[in-house]
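Structure, as structure tokens:
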Amino acid sequence: MTAARDAILGGIRRSLRRGPLSDAEAVAGPRARLDAKAPILVPERAKGSPDVLVDRFLAMAIEAAATVDRIQGMEALPGAIASYLKDRNLSTELVTTTDPEMDGLVGSSLEGGGLLTVKRGLPSPTDTVSVVPALRGVAETGTVMLRSGETQASTLNFLPETHIVVLKTSDIVGGLEEAWAALRAEGPTPRTVNFITGPSRTGDIEQTLQMGAHGPLRLHILLVDETP
Amino acid sequence: MDSTTHTFKDNIKVALANETLVHSLETMKTGFRARRAVAVDRLPEFDALCDAGRDLKNHVLENLDFYLETFEAKVLESGGKVHWCRDSEEARKTVLEICRAADAKTVTKGKSMISEEMGLNDYLEENGVTPVETDLGEYIIQLRHEHPSHIIAPAIHVRKFQVAEAFRKAHPQYAADRPLEEPRELLDEARDVLRSSFLGADVGITGANMLIAETGSTVIVTNEGNGDLTQLLPRVHVVLASLEKIVPTLEDASLVLRLLARSATGQEMSSYTTFSNGPRRPGDPDGPEEFHVILLDNGRSNMIGTDFQDMLRCIRCAACMNHCPVYGAIGGHAYGWVYPGPMGAVLTPGLLGLEGAADLPNASSLCGRCEAVCPMRIPLPKMLRHWREKEFERHLTPKGTRWGLGFWSFFARRPGLYRLGTRVVARMLRILGGKQGHLKELGLSNGWTAVRDIPAPEGRTFMDRWASGERP
Amino acid sequence: MATFSADGPRVGFFITCVADLFRPTVGFAAISLLQKAGCRVEVPQTQTCCGQPAYNSGARAMAQAQARHVIETFEGFEYVVAPSGSCMGMVREHYPSLLADDPAFAERAKVLAGKSHEILSFLIDVLDWDDVDARFDGVVTYHDTCSGLRELGIKDQPRRLLAKVKGLELRELAAPEECCGFGGTFCVKYPEISNRMVTDKVTTAQATGATTLLGGDTSCLLNIAGKAKRMELPLKVRHVVEVLAGMADGPALGDGEDGIKR
Ligand code: SF4
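Residue numbers (our numbering), protein chains in the order written: chain U, -4 to 223; chain Y, 929 to 1400; chain G, 5 to 266.
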């Protein structure tokens, strides 16, 4: 392996007609770029006041075939989920993450006389509904950003047929660059970062668009306006 | 993958006679092209982003060694491994070793053109490991024992009745008389079958749309979500990537993402864009326990510093083939190897050698549409011409053509003789054209008259008439 | 706007090899337009071919030799104008790099590139002239030839000029920017592919209901006309300058004396 490594790096340098970059050269060139982490060109569409960005997020998410409900405060979450599922005749059994902010769902579970049957942690292949909190929403494209971690299994985003994402209105940013800044501020890069724009789809059969290829058939976003 | 590029001229006859293919390619022209046009129009900054994309990739190529080393260090830091492979052979062996170490019987695969380039599936199968393609298009062609005919829509040449045929044959577990007419029915069946593959696989192999030096991330962009299930569920995740996929930072990746989906399918973003960093972390409820990146060179490092370096900016969006009138006429299989269309016509001779692929750079009218839509501003026609120059230098250009060009060039620099010659030819063709004003055939120009008539000249040449004092 | 010599710009007219041989009318029509627009037009007798066949076949040295010949022939003029997007694309976009390593010609190639123009682009973009005085009773469609469109940005110019022609109705092709399949030697080396492309072009032209197809490159038009004849379609094919100059009364490309018989 090291022979191949040396040969490839050597070949690249031969083609570039130079040796390895000296420290000074690296610092002046590529190292500086790595350190700067400078956004290149952020389109106007990714900019605007918070209200403008929320509206844009909504419009773009819907265009990408997601559905969105806006709710007031996390307290409204269980009810909103229950009515979304019931309206579509979907099972009210769901699986969610172990994040503390999802604790409210458990209190509302059927056993407690509530609306939903809630499981937490890893989904099994038979689970049909998942509820996952998003780290950020990207207005430019109506995309939600989800991360893996001790409390969040990434399979929640792909196995169940119905994927419900909880996003705080205050977590909506303009473009991907702001989402990265937020992620970096949280600490080391997680194992998996998912950017999700609408439900799963394919055009592989005669170029006709079909939703729900391997991933979820439905992506439902619950946009939470926090009560002050 | 074995190449049939050397039989290009026969391949195109087969392709042009294929009625199903014609239908698929027509759909492509109205679908992909129209959607890209809308998406590009919506983003006023698109042109500026293309310029930035070109500059970014040029910078990367100038510092490729540095960024690859940085990437490797980051992957190691996150607990993964990087395997440097000079050629397909090395890469195939490495993947097999990983599979053997994991005691793998089946591997699931996300869509990867590098896997096609390596000829991985056949190799794994020969060595007792069963690969299952999970991208719907890839799955369809795997069942049909075919190769992709398009880099983002691998089964674009297949009609739905053919998909149904393949499914009936491959899925005996379902009732023989089940309805399989609608795309939905076909998709549901594939989803069902592949679910168990995802859950049962020991190793998941994906490609990579990008590698990020800053974080050691590998990035996949899909619409189906198959790539994510492929990499999340098995115990081992193997990423296949070629060297030039690297970009420095997450910000740079964001730039490429703004260009990729838009140019490819006309989407703002594909449904799933996933950044993966090493294996599962302590405490993580899921994710692979092992994370391997195969870094394949396969001739790319030699392209740097040559006339073909710009080709390494390619992000595999397929816009060039979607807009190519030649691809639109013959489809992807005729090109004979992994990469079709304009990008393939440039890349294939570079990776396989010019001798066996000499037709590809010539089979273009140089209409320039590919360059016009390429988000990385790759001057594809210029590079096709560079290949033609190499052919000419190496005397691969057919003798007749060389002779004809030499003849023409000789006269073109001797205006007196040239005038004499054109005068004679004009008169001759005029006479042959007769009253109809066009010719059905003419000894030498078989390629022309095989499919069209020759409109006859008006009579005397313009230069003749001008010289004899005629004025408008 | 450029400033011109007092008695009008002095233009060296480049007929191009294909129009010289096949369609002298294109030359007379183009010159007539240039004169109406106030140019003094000269036709240097030493002109031949721009060198594209060699260039696009990889015969770089031959192409260079031809480029030098074109430079020597035309560099004395204020402007060089040709009724072809592809030949002027060659001069403007390719001569400078083709001769970049030739100390005697590198600079001259750049200078020539800067003052060479395809005729429609010259009339509109350089002279800002659209004072067309012509009549053409009929429905036409317009094919945007590739080099003109993509190398020189010629798209609106022909439409602006055609809008001035009395009696003319323009109906756009479904895919006006799709290559006709000519491509120089491409069309004889890969006739099957070229055939599919030109068949599509002719078919979509028919579908517009137009009786005449116009375009700005004689070579592409020969391809299209040749196919229309082979398919025995009544589609007439002409260079756009013929219509603009009011010289579209003779037989169309590939038509016999009477202009109708096939
Ligand atoms: S050459 Fe350009 S257009 Fe073609 S696939 Fe690559 S990036 Fe896309």
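By construction, the Cβ of each residue, glycine as well, lies at the ideal position given by its N, Cα and C atoms.
Asked: Runs of beta strand (DSSP E) wholly within the stretch 1138 to 1216 of chain Y (minimum 3 residues, chain order); Found: 1138 to 1140, 1145 to 1150, 1164 to 1170 and 1200 to 1204
Asked: Contact with chain U by Asn1230 of chain Y, beta-carbon distance below 8 Å; Found: yes
Asked: Beta carbon of Ser61 of chain G nearer than 8 Å to that of Phe1320 of chain Y; Found: yes
Asked: Assigned exposure category for His215 of chain U - 16 Cβ within 10 Å defines buried; Found: buried
Asked: Any C-beta of chain Y under 8 Å from that of Ile191 of chain U; Found: yes
Asked: Which of helix, strand or coil DSSP assigns to Leu117 of chain U; Found: coil
Asked: Endpoints, beta strand (DSSP E) assigned at Tyr83 of chain G; Found: Tyr83 to Ala86
Asked: CB contact check: Met97 of chain U to chain Y, cutoff 8 Å; Found: no
Asked: Residue nearest to Ile35 of chain U in terms of C-alpha spacing, selected from Y:His1220, Y:Cys1245, Y:Leu1183 and Y:Gly1215; Found: Y:Leu1183
Asked: Under 8 Å between C-beta atoms of Leu1282 of chain Y and Lys1318 of chain Y; Found: yes
Asked: Cβ separation of Leu178 of chain U and Leu130 of chain U, assumed to be a contact under 8 Å, to the nearest whole Å; Found: 7 Å
Asked: Interface positions of the stretch 1348 to 1376 of chain Y facing chain G (Cβ-Cβ less than 7 Å), listed along the chain; Found: Thr1350, Val1353, Ala1354, Lys1363, Gln1364, Gly1365, His1366, Ser1373, Gly1375 and Trp1376
Asked: Any C-beta of chain U under 8 Å from that of Gly1259 of chain Y; Found: no
Asked: Contact test: Met1356 of chain Y Cβ vs the ligand FAD heavy atom, cutoff 7 Å; Found: In the structure shown, the ligand FAD is absent; the only ligands present are the ligand SF4.
Asked: CB-CB length for Ala1285 of chain Y against Thr1276 of chain Y, believed under 8 Å; Found: 5 Å
Asked: Segments of 4+ residues assigned as alpha helix (DSSP H) that fall wholly inside the stretch 72 to 155 of chain G; Found: 89 to 93, 99 to 102 and 110 to 119
Asked: Where the beta strand (DSSP E) through Val161 of chain U begins and ends; Found: Thr157 to Lys163
Asked: DSSP bridge partner residues for Gly196 of chain U (one or two, in chain order); Found: Before going further, note that residue 196 of chain U is Arg rather than Gly in the sequence given. For Arg196 of chain U, which the question treats as bridged, DSSP gives the partners U:Met206.
Asked: The beta strand (DSSP E) enclosing Asp220 of chain U, as first and last residue numbers; Found: Arg213 to Asp220
Asked: Sequence-distant residues of the same chain with beta carbon closer than 6 Å to Phe126 of chain G, five excluded per side; Found: Val85
Asked: The beta strand (DSSP E) enclosing Arg44 of chain G, as first and last residue numbers; Found: Arg44 to Glu46
Asked: Cβ-Cβ distance between Val219 of chain U and Met69 of chain U below 8 Å; Found: yes
Asked: Chain U contact for Ile1068 of chain Y (CB, 8 Å cutoff); Found: yes
Asked: For Leu1052 of chain Y and Ile1133 of chain Y, the rounded distance between their alpha carbons; Found: 12 Å
Asked: Against chain U: residues of the stretch 1090 to 1108 of chain Y by CB proximity under 8 Å; Found: Val1091
Asked: Ile1258 of chain Y - containing beta strand (DSSP E), residue span; Found: Where Ile1258 of chain Y is concerned, there is no enclosing beta strand (DSSP E), although the alpha helix (DSSP H) it sits in stretches over Pro1253 to Ile1258.
Asked: Where Cys1252 of chain Y meets chain U, residues with beta-carbon distance less than 7 Å; Found: Chain U residues near Cys1252 of chain Y: none, gap ~17 Å exceeds 7 Å.
Asked: Exposure label - Thr1193 of chain Y; buried when at least 16 CB within 10 Å; Found: buried
Asked: Leu111 of chain U beta carbon near the ligand SF4 (any heavy atom closer than 7 Å); Found: no
Asked: Chain-ordered chain Y contacts of Lys32 of chain U [CB-CB under 8 Å]; Found: Glu1142, Thr1177, Leu1178 and Glu1179
Asked: Option in G:Trp133, G:Ala110, G:Met66 and G:Val192 with minimal Cα separation from Glu79 of chain G; Found: G:Ala110
Asked: Near-chain A residues of the stretch 1003 to 1014 of chain Y - C-beta to any C-beta below 7 Å; Found: You won't find chain A in this structure, because its protein chains are U, Y and G.
Asked: Members of the stretch 940 to 952 of chain Y that neighbour chain G once the beta carbon cut-off is set at 8 Å; Found: Ile940, Lys941 and Leu944
Asked: Leu1333 of chain Y versus Gln68 of chain G: straight-line alpha-carbon distance, rounded; Found: 13 Å
Asked: Straight-line gap, Asp1392 of chain Y to Arg1228 of chain Y (C-alpha atoms, nearest Å); Found: 54 Å
Asked: Contact list for the stretch 38 to 64 of chain G against chain Y, Cβ threshold 8 Å; Found: Gln39, Val47, Gln49, Thr50, Gln51, Thr52, Cys53, Gly55, Pro57, Ala58, Tyr59, Asn60, Ser61, Gly62, Ala63 and Arg64
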